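Residues in the sequence shown are numbered consecutively from 0, following numbering that gives the first Met the number 0. To start, the structure under review is shown below, and the notes come after it.
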Amino acid sequence: MSNNAKIIVGIAAAAAVGAAIGLVFAPEKGSDLRKIVKKNANNWADELLSMVQARGNQAKALVEDAESRAKSWKNKAKDEFEQIADNTVNTVKSAQRDVAGA
């Protein structure tokens, strides 16, 4: 499990423990307490979703960067191969002319 996942799980666990303790010792009546818990649960869910989306966006950016680098390396290798092939053809033709002229 990555550090970010551990942090998210830790936050969620701490929130659940805090909510449970709050329910036990809360001075509010049940209906008010349920509204507060629902509101907090929704807020925590929104925060968690935002964190997950941010990590997803970071991962997507890393993948796009890796793809871009791979394409660049591929194009560079192709260009170098073509240059080597051209040089080889030119060397063979030159050698053929030298042999024919000798």
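Just so it is clear, CB atoms sit at the ideal spot from N, CA and C, and this is done for glycine as well. Everything numeric in this text was worked out from a predicted model, so none of it was measured.
Euclidean distance between Cα positions of residue i and residue j
i, j, result
"Ala11", "Lys38", "15 Å"
"Val16", "Asn41", "16 Å"
"Gly9", "Asn56", "22 Å"
"Thr90", "Ile83", "10 Å"
"Asp85", "Trp72", "20 Å"
"Gly29", "Val23", "11 Å"
Whole-number beta carbon distance between residue j and residue i, since they are thought to touch under 8 Å
i, j, result
"Leu61", "Ile7", "About 19 Å; that fails the 8 Å criterion."
"Ala14", "Trp43", "5 Å"
Beta carbon of residue i nearer than 8 Å to that of residue j
i, j, result
"Ala18", "Val36", "yes"
"Arg68", "Asn3", "no"
Nearest to residue i (by Cα), restricted to the options the options
i, options, result
"Ser1", "Phe24, Val51 and Asp31", "Val51"
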